[in-house]
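So the structure is just underneath, and the comments pick up after that.
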Amino acid sequence: MIDFINYLINGALSGLLYALIAMGFVVIYRASKVFNFAQGELVVFGGYMVWWTIIEMGLPLWVGLPVAFVSAAIFGFMIERIFFARLVGESVFSMVMVTIGLLILIRGVVLVLFGPQVRAFPIIFPLDPIIVGDLIVSRSMLYGGIMTIFIGVGLSWFFNRTRAGLTMTAVAEDHQVAMSMGISVQRSIAFAWVLGSVLSTLGAIVHLSGRSINMMSSDIGLAALPVALLAGLESLAGLLIAGVLVGVIQGLASAYLDPLVGGALGSVFPFIIMLVVLLIRPTGMFGWKTIERV
Numbered sequence: 033m034i035d036f037i038n039y040l041i042n043g044a045l046s047g048l049l050y051a052l053i054a055m056g057f058v059v060i061y062r063a064s065k066v067f068n069f070a071q072g073e074l075v076v077f078g079g080y081m082v083w084w085t086i087i088e089m090g091l092p093l094w095v096g097l098p099v100a101f102v103s104a105a106i107f108g109f110m111i112e113r114i115f116f117a118r119l120v121g122e123s124v125f126s127m128v129m130v131t132i133g134l135l136i137l138i139r140g141v142v143l144v145l146f147g148p149q150v151r152a153f154p155i156i157f158p159l160d161p162i163i164v165g166d167l168i169v170s171r172s173m174l175y176g177g178i179m180t181i182f183i184g185v186g187l188s189w190f191f192n193r194t195r196a197g198l199t200m201t202a203v204a205e206d207h208q209v210a211m212s213m214g215i216s217v218q219r220s221i222a223f224a225w226v227l228g229s230v231l232s233t234l235g236a237i238v239h240l241s242g243r244s245i246n247m248m249s250s251d252i253g254l255a256a257l258p259v260a261l262l263a264g265l266e267s268l269a270g271l272l273i274a275g276v277l278v279g280v281i282q283g284l285a286s287a288y289l290d291p292l293v294g295g296a297l298g299s300v301f302p303f304i305i306m307l308v309v310l311l312i313r314p315t316g317m318f319g320w321k322t323i324e325r326v
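For the sequence shown, our numbering assigns the number 33 to the initial residue and increments by one for each residue that follows.
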């Protein structure tokens, strides 16, 4: 029974980490209607910024982390200025293809700047776990889970209750209509990319604290994909529920089903659940239904 509870708790915390990464998907999508296939690469770039400022430059955490977040924000802004500012009003397909090219470009930039070596990531959170009786919980995952809940609720309030958030949602609906209403489409998309880059850096800190980083760390973006699609690409608060659901399913499948089939089922099972849910509800559990009048 204790093992089962451990699997539940740690699975839920892993799911909240996926939800934090998936917020980058949703924030960018809600402002531009673009599904960013380079989300995992943004996580890796943000992680390398943290590594560079703290390990290479030797800055203390209270200086290195803000510098890393600012660097990631500037990188996100540059992406929007160079690649997406010229695509305002173009088809969604064009923007999606650009994100695929961006994925390859960021990988190349990271390899050129930092090399293919495995680097030791700085220790941001204490390494010793929290032990309560027979329950063992990672501090980085626990603190990251708490931050994810507050960020998810805060962003949901921002997009649904504030003028700026509603403006960004209007931009995602139709660029041409938004421009005709006097809304700065480029400004909204730029802010979304900046915010998505900052969230990716925070996800890298939670995921990699005290571990190591290389280009393969971008796989966390693929792991977060079922969470984003299950919740629906418009729902930030729904990411929390979807993240816990995916994390728990993955944890229990890894613990109880992997030994029966020789492993790997735990990592695949969330995608199976995602496909089943999307067959029933294509917009995800909390996504918006689009009403079209003919």
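From the three backbone atoms N, C-alpha and C, an ideal C-beta is built for every residue, glycine too.
Just the C-alpha distance for residue i and residue j, rounded to the nearest angstrom, thanks.
i, j, result
"residue 290", "residue 173", "23 angstroms"
"residue 155", "residue 230", "19 angstroms"
"residue 222", "residue 234", "19 angstroms"
"residue 127", "residue 270", "25 angstroms"
"residue 157", "residue 218", "37 angstroms"
"residue 325", "residue 96", "Caution applies to residue 325, whose pLDDT of 42 falls short of 50 and renders its modelled position unreliable; the value that the coordinates give is listed next. Straight-line Cα distance between these residues: approximately 52 angstroms."
"residue 47", "residue 204", "27 angstroms"
"residue 118", "residue 212", "17 angstroms"
Does residue i come out as helix, strand or coil in the three-state DSSP assignment?
i, result
"residue 285", "helix"
"residue 236", "helix"
"residue 244", "strand"
"residue 41", "helix"
"residue 33", "coil"
"residue 183", "helix"
"residue 139", "helix"
"residue 70", "coil"
"residue 231", "helix"
"residue 171", "helix"
"residue 162", "strand"
Classify residue i as buried or exposed, calling it buried when 16 or more other Cβ atoms lie within 10 Å of its own Cβ.
i, result
"residue 153", "buried"
"residue 58", "buried"
"residue 142", "buried"
"residue 69", "buried"
"residue 258", "buried"
"residue 304", "exposed"
Can you list, in chain order, the residues of its chain whose CB lies under 6 angstroms from that of residue i, leaving out five sequence neighbours each side?
i, result
"residue 236", "75, 78, 79"
Apart from the five residues just before and just after residue i, which ones in its own chain have a Cβ nearer than 7 angstroms to its Cβ?
i, result
"residue 109", "222, 225, 226"
"residue 188", "268, 269"
Examine chain B for any beta-carbon lying closer than 8 angstroms to the beta-carbon of residue i, and answer yes or no.
i, result
"residue 79", "Among the chains of the structure shown, chain B does not appear; only one protein chain is present."
Excluding the five sequence neighbours on either side, which residues of its own chain have a C-beta within less than 8 angstroms of the C-beta of residue i, listed in chain order?
i, result
"residue 65", "124, 127, 204, 205"
Give the DSSP bridge partners of residue i, in chain order.
i, result
"residue 195", "Per DSSP, none; premise fails for residue 195."
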